[in-house]
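Residue numbers (our numbering): 407 to 476.
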C-alpha cells in the first residue's frame with residue numbers, strides 16, 4: 407500500500423482543510439401545507455408525504471409502503 411515518502415507540512419495540510427466547512431441547511435416553506443422543510447426533500451405533514459407542494463403518498467396505502475421501502 408502506498409505511503410507518503412516525506413511528511414507534509416502543517417501549512418500544506420491546513421490549505422487542504424480550508425474547504426471543509428459546516429454549511430447551513432437551506433430551508434423552504436411548502437406552498438400547500440405552509441410547513442418549513444429542507445429544500446429538495448420530501449416531508450411528512452399530517453401523515454401525508456409532500457414534495458414540491460404535491461401529495462406524493464398517503465399513510466396506510468400500499469403505494470406508500472412500497473415508496474418508503476425503496
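Glycine included, C-beta positions come from ideal geometry on N, C-alpha and C. This structure is a prediction, so every number in the text was calculated from the model and none was measured.
C-alpha of residue 454 to C-alpha of residue 446: approximately 17 Å in a straight line.
Under the three-state reduction of DSSP, residue 463 is assigned to strand. For residue 454, the enclosing beta strand (DSSP E) begins and ends at 454-457. In this structure, DSSP gives residue 415 a state outside helix and strand, which the three-state scheme calls coil.
The alpha carbon of residue 465 has as its nearest neighbour, out of 451, 457 and 458, the alpha carbon of 451.
Beyond the five residues adjoining it in sequence on each side, residue 430 comes within less than 6 Å, by CB distance, of no other residue in the same chain.
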